[in-house]
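One structure is given here, and the rest of the page talks about it.
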Amino acid sequence: MSNPTVEVRIPTILRPYTKNEKLVSADGASLSEVITSLNTNYPGLGERLLENGELRRFINIYINDEDVRFMGSLAASLKTGDSVTILPAVAGGCM
Amino acid sequence: MTRYESLEASLGHTPLIGLPKLSPKTAAGAPRVRLWAKLEDRNPTGSIKDRTAIAMIDDAEKTGKLKPGATILEPTSGNTGISLAMIAKVRGYKLVCVMPENTSVERRQLLEMWGAKIIFSPAAGGSNEAVRLAKEIAVENPDWVFLYQYGNPANTLAHYQTTGPEIWEDLPEVTHFVAGLGTTGTLMGAGKFLREKNPEIAVIAAEPRYGEVVYGLRNLDAGFVPELYDASILTRRFSVGAQDSVKRVKELLEVEGIFAGISTGAILHAAIGIANECVAAGTGADIVFIVCDAGWKYLSTGVYSNDGDADVLEGQLWA
Chain E
1 MSNPTVEVRI
11 PTILRPYTKN
21 EKLVSADGAS
31 LSEVITSLNT
41 NYPGLGERLL
51 ENGELRRFIN
61 IYINDEDVRF
71 MGSLAASLKT
81 GDSVTILPAV
91 AGGCM
Chain W
96 MTRYESLEAS
106 LGHTPLIGLP
116 KLSPKTAAGA
126 PRVRLWAKLE
136 DRNPTGSIKD
146 RTAIAMIDDA
156 EKTGKLKPGA
166 TILEPTSGNT
176 GISLAMIAKV
186 RGYKLVCVMP
196 ENTSVERRQL
206 LEMWGAKIIF
216 SPAAGGSNEA
226 VRLAKEIAVE
236 NPDWVFLYQY
246 GNPANTLAHY
256 QTTGPEIWED
266 LPEVTHFVAG
276 LGTTGTLMGA
286 GKFLREKNPE
296 IAVIAAEPRY
306 GEVVYGLRNL
316 DAGFVPELYD
326 ASILTRRFSV
336 GAQDSVKRVK
346 ELLEVEGIFA
356 GISTGAILHA
366 AIGIANECVA
376 AGTGADIVFI
386 VCDAGWKYLS
396 TGVYSNDGDA
406 DVLEGQLWA
């Protein structure tokens with residue numbers, strides 16, 4: 001059975017790796033596999049997301065708007081049609 | 096008790112309002128799933144930030160950091176600044192706010208009305224830039240008192256001592272607590288209190304997802320996680336875009352008559368998502384969410400007009 005295909009939204013700061021594409025496709029049944037797939041198609045991108053095998057502190061990744069750090073992090077599972085959003089961590093909320 | 100010695104003394108004890116029409120319908124015999132709105136716009140200057148501002152100033156006075164006539168410095172997207180400005184005016188302090196330039200005009204008007212001086216930070220980078228600039232200004236002006244809501248434990252403590260206990264007193268059967276993620280003070284403080292009372296309570300964060308300009312950092316190392324943030328307090332965390340936030344804030348107005356600020360739409364969106372999950376799972380739930388402020392400060396954005404849509408918020412720091 002082939003891996004699920006998901007849509008990945010790329011933030012401005014990482015678009016130099018995707019030839020300025022905002023939305024790219026990747027394959028994988030887990031977030032870890034999706035990042036591997038991204039790095040195969042867009043060399044160097046994986047390194048910007050991971051450090052010592054974990055998500056970088058200032059990178060947030062959401063699957064269908066939910067933060068993956070509360071869904072198993074790199075082990076979070078994906079199915080075809082899921083939407084993955086990568087965003088840098090910023091200060092937000094009504095402050 | 097509705098008589099108070101001063102405006103400040105009327106802080107907190109905000110109403111917890113049931114949402115009988117917006118709460119999802121459940122099948123006959125199935126446990127109820129109820130939404131409850133904690134109306135923080137009923138605080139002295141109209142937002143939850145009065146709790147944070149009064150707590151930080153009280154703490155700085157107690158520890159001797161804040162002396163009569165001193166100048167307070169704070170990065171803010173509006174509400175904390177407005178709260179601090181009122182208190183500073185009443186207690187005789189000066190206030191300098193560092194605020195992103197892409198915020199609604201009402202926030203600027205309110206700050207100026209209470210006498211605050213505003214230094215604008217660039218739109219690109221949003222509140223990250225306001226924080227960075229405020230830190231620089233703090234170094235250049237060592238005699239100013241930098242309260243710094245993102246790292247000041249008095250912020251978290253305010254919610255641990257007031258917001259959390261108020262919810263527990265009004266609704267001990269609470270199963271979920273949903274609030275906005277900004278400084279993280281509300282979620283860390285009230286969430287910790289509620290978890291200590293009942294470890295089963297889920298603590299859920301809703302963070303606004305802005306337009307691209309706000310994420311326009313110079314590099315990834317310019318990212319920001321508030322010093323107060325402790326992920327272990329949270330159960331789940333959602334990112335909510337402007338479209339969903341505006342849709343929910345209008346729904347709250349139309350269905351339940353509550354006129355809330357745009358960031359509350361993001362929080363409600365997460366709360367309704369959780370409510371629907373509970374219905375599907377057949378589990379009862381009493382879901383408390385925070386109404387951070389009312390919509391007055393955001394009228395000029397145009398999203399509340401009948402045909403106003405979320406596109407008008409592009410590039411703005413709407414929460």
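So the protein lines, in turn, are chains E and W.
According to the working numbering, the first sequence is numbered sequentially starting from 1.
According to the working numbering, the second sequence is numbered sequentially starting from 96.
Glycine included, each C-beta is placed from N, C-alpha and C at the ideal position.
Since the structure is predicted, the reported quantities are computational estimates derived from the model, not experimental observations.
Asked: Every unbroken beta strand (DSSP E) inside the region 57 to 86 of chain E [3 residues or more]; Found: 59 to 63
Asked: Per-residue DSSP class, three states only, for Cys373(W); Found: helix
Asked: Within-7 Å CB hit, Asp67(E) to chain W; Found: yes
Asked: Coarse secondary structure for His271(W), derived from DSSP in three states; Found: strand
Asked: Beta-bridge partners of Leu38(E), as assigned by DSSP; Found: Note: Leu38(E) sits in no beta bridge, so no partner.
Asked: Local Cβ density within 10 Å of Leu23(E), reported as buried at 16 or more and exposed below that; Found: exposed
Asked: Top-ranked residue by Cα proximity to Arg203(W), from Thr158(W), Thr175(W), Tyr245(W); Found: Thr175(W)
Asked: Test: Gly410(W) CB closer than 7 Å to a CB of chain E; Found: no
Asked: Val185(W) (DSSP reduced to helix, strand or coil); Found: helix
Asked: 7 Å CB neighbourhood of Val226(W) in its chain, flanking five on each side removed; Found: Pro170, Tyr245, Phe319
Asked: Contact residues within the region 34 to 46 of chain E, judged by C-beta distance below 9 Å to chain B; Found: Any reference to chain B falls outside this structure, whose protein chains are E and W.
Asked: Below-7 Å beta-carbon distance, Leu252(W) vs any chain E residue; Found: no
Asked: Same chain, Cβ closer than 7 Å to Leu266(W), neighbours up to 5 away in sequence not counted; Found: Leu111, Trp131, Asp381, Val383
Asked: Own chain, CB closer than 7 Å to Ala150(W), minus 5 neighbours either side, in chain order; Found: Ala249, Asn250, Leu252, Ala253
Asked: Status (buried if at least 16 other CB within 10 Å, exposed otherwise) for Tyr96(E); Found: Look at the range of chain E in this structure, 1 to 95, and you will see that residue 96(E) is not part of it.
Asked: For Pro321(W) and Ala89(E), the rounded distance between their alpha carbons; Found: 10 Å
Asked: Where Trp263(W) falls: helix, strand or coil (DSSP); Found: helix
Asked: Exposure of Ala285(W), with buried meaning 16 or more beta-carbon neighbours within 10 Å; Found: buried
Asked: Counterpart residues of Glu47(E) in DSSP-defined beta bridges; Found: Answer is none; Glu47(E) lacks a bridge partner.
Asked: Backbone secondary structure at Ala218(W) - three-state DSSP; Found: coil
Asked: Stretch-stretch touch, CB-based, cutoff 8 Å, three pairs: the region 59 to 76 of chain E with the region 321 to 333 of chain W; Found: yes
Asked: Nearest-angstrom Cβ-Cβ length linking Arg146(W) and Thr279(W), presumed shorter than 8 Å; Found: Not confirmed; about 14 Å, so no contact.
Asked: Counterpart residues of Lys133(W) in DSSP-defined beta bridges; Found: Leu111(W), Ile385(W)
Asked: Gly336(W) - containing beta strand (DSSP E), residue span; Found: 331 to 336
Asked: Paired residues, beta bridge with Arg9(E) - DSSP; Found: Leu23(E), Thr85(E)
Asked: CB contact check: Ala91(E) to chain W, cutoff 7 Å; Found: yes
Asked: Minimum Cβ-Cβ distance from Ser222(W) to chain E less than 7 Å; Found: yes
Asked: Neighbour flag for Thr80(E) against chain W, beta carbons, 7 Å; Found: no
Asked: Three CB pairs or more closer than 8 Å across the region 157 to 173 of chain W and the region 193 to 207 of chain W; Found: yes
Asked: Local conformation of Val298(W) per DSSP, three classes; Found: strand
Asked: CB of Leu179(W) within 7 Å of CB of Ala148(W), strictly; Found: yes
Asked: Cut-off 7 Å between Cβ atoms - residues of its own chain near Tyr399(W), not counting five sequence neighbours on either side; Found: Gly390
Asked: Spatial distance of Glu103(W) from Gly113(W) (CA atoms); Found: 26 Å
Asked: CA-to-CA distance, Ala337(W) to Leu408(W), given in whole angstroms; Found: 7 Å
Asked: Exposed unless 16 or more other CB atoms sit within 10 angstroms - verdict on Asp238(W); Found: exposed
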